[in-house]
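In what follows, a single structure is set out as structure tokens and then discussed.
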Amino acid sequence: MTAFSRILVKKGRLEIGLKVSKAEGSGLFFLSRGLSTAVLRQSGKTSETDNSYVILHPAMPMSLTAFTLCMSLASELPTNREIILFSYYNSGDALNLWVENGKFNLYLLQSSPVSFSLPQLSTFSTNLCVTWESSSGMTTFWVNGKSSVRKVNRQGYKVQNGGIVILGQDQDSLGNTFDIKQSFAGEITNVHLWDYVLSSDEICLVSEGHTVPKGNVIDWNSVDYESGVLYIFTNIKVIKKQANI
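Numbering (the working numbering), first residue to last: 161 to 405.
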């Protein structure tokens with residue numbers, strides 16, 4: 161038996177970089193819809209990998225002059241290293257969200273990142289949102305419904321379509337070239353992306369788990385996804401199929 165990294169979804173919650181034991185394989189993605197499944201761990205530890213990731217397929221083109229990106233996160237990785245949360249790459253890094261040296265960073269359109277000092281990730285779930293609007297460049301982070309200071313970033317620019325969205329790894333080329341030292345290990349859930357800026361009241365509702373309009377670009381409850389080897393739990397049966405990447 162060899163240890164390998166995998167991605168697990170428990171009732172829609174991604175767990176990236178946790179180790180399990182199995183004869184062969186890597187980069188597994190387990191999906192359970194409406195079914196409770198066990199969370200598999202080895203000594204309760206997370207592990208850095210360069211092969212645990214999920215590709216998300218947006219429901220509409222990623223042509224954005226404004227957006228709200230929200231997700232819930234839990235991780236015990238040290239925040240003095242890079243932790244990639246969300247990566248959208250077309251001809252270059254177009255929209256990246258990551259943590260480095262204790263700060264949360266938004267990188268748009270191959271520019272210098274805009275950084276925010278925010279409460280750090282921990283073993284407890286954190287709801288994180290970031291909003292951006294092109295005409296003013298106004299950028300704001302939100303942690304558990306509370307807003308950061310506002311900063312101006314990439315005023316007048318537009319995020320272009322034609323790229324790939326990946327959770328948990330940084331793309332140094334389109335859909336590829338990952339760095340283990342930038343990988344995410346932990347839990348991600350409720351990833352939603354809108355092509356407009358939500359109101360502060362709506363973001364507070366998102367942070368509390370209430371119903372708001374689902375992400376019209378990425379809706380966590382219905383988004384198409386890909387990973388290396390895919391196991392789909394349907395009732396009690398386990399169906400194994402190879403995803404095309």
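The beta carbon of each residue, even a glycine, is placed where N, CA and C say it ideally should be. In this text the structure is predicted, and so the values were computed from the model without any measurement.
{"Query": "Spatial distance of Asn261 from Glu236 (CA atoms)", "Result": "14 Å"}
{"Query": "Rounded straight-line distance, which links the Cα of Glu362 to that of Gly369", "Result": "11 Å"}
{"Query": "Asp361 - containing alpha helix (DSSP H), residue span", "Result": "Ser360 to Ser367"}
{"Query": "Whole-number beta carbon distance between Leu257 and Leu229, since they are thought to touch under 8 Å", "Result": "7 Å"}
{"Query": "Span separating the alpha-carbon of Asn287 from that of Leu281", "Result": "10 Å"}
{"Query": "With 16 other Cβ atoms within 10 Å as the buried cut-off, status of Arg241", "Result": "exposed"}
{"Query": "Proximity winner among Ile378, Asp384, Ser277 and Val383, relative to Leu224 (alpha-carbon distances)", "Result": "Ile378"}
{"Query": "CA-to-CA distance, Ile348 to Leu195, given in whole angstroms", "Result": "Confidence at Leu195 is low in this model, with a pLDDT of 26, below 50, so its placement is unreliable and the value that follows should be read with caution. Straight-line Cα distance between these residues: approximately 18 Å."}
{"Query": "CA nearest to the CA of Phe301, picked from Leu278, Gln315, Gln320 and Tyr317", "Result": "Leu278"}
{"Query": "6 Å CB neighbourhood of Pro221 in its chain, flanking five on each side removed", "Result": "Asn321"}
{"Query": "Reduced DSSP secondary structure (H/G/I, E/B, other) of Trp292", "Result": "strand"}
{"Query": "Three-state secondary structure (DSSP) of Arg314", "Result": "coil"}
{"Query": "Spatial distance of Lys374 from Cys289 (CA atoms)", "Result": "14 Å"}
{"Query": "C-alpha gap between Asp355 and Pro238, whole angstroms", "Result": "32 Å"}
{"Query": "Beta-carbon gap between Phe276 and Lys263 smaller than 8 Å", "Result": "yes"}
{"Query": "Extent of the continuous beta strand (DSSP E) to which His370 belongs", "Result": "Here His370 belongs to no beta strand (DSSP E), and DSSP marks it neither H nor E."}
{"Query": "CB contact flag (Gly328, Leu233, <8 Å)", "Result": "no"}
{"Query": "Alpha carbon of Asn265 to alpha carbon of Thr371, nearest angstrom", "Result": "27 Å"}
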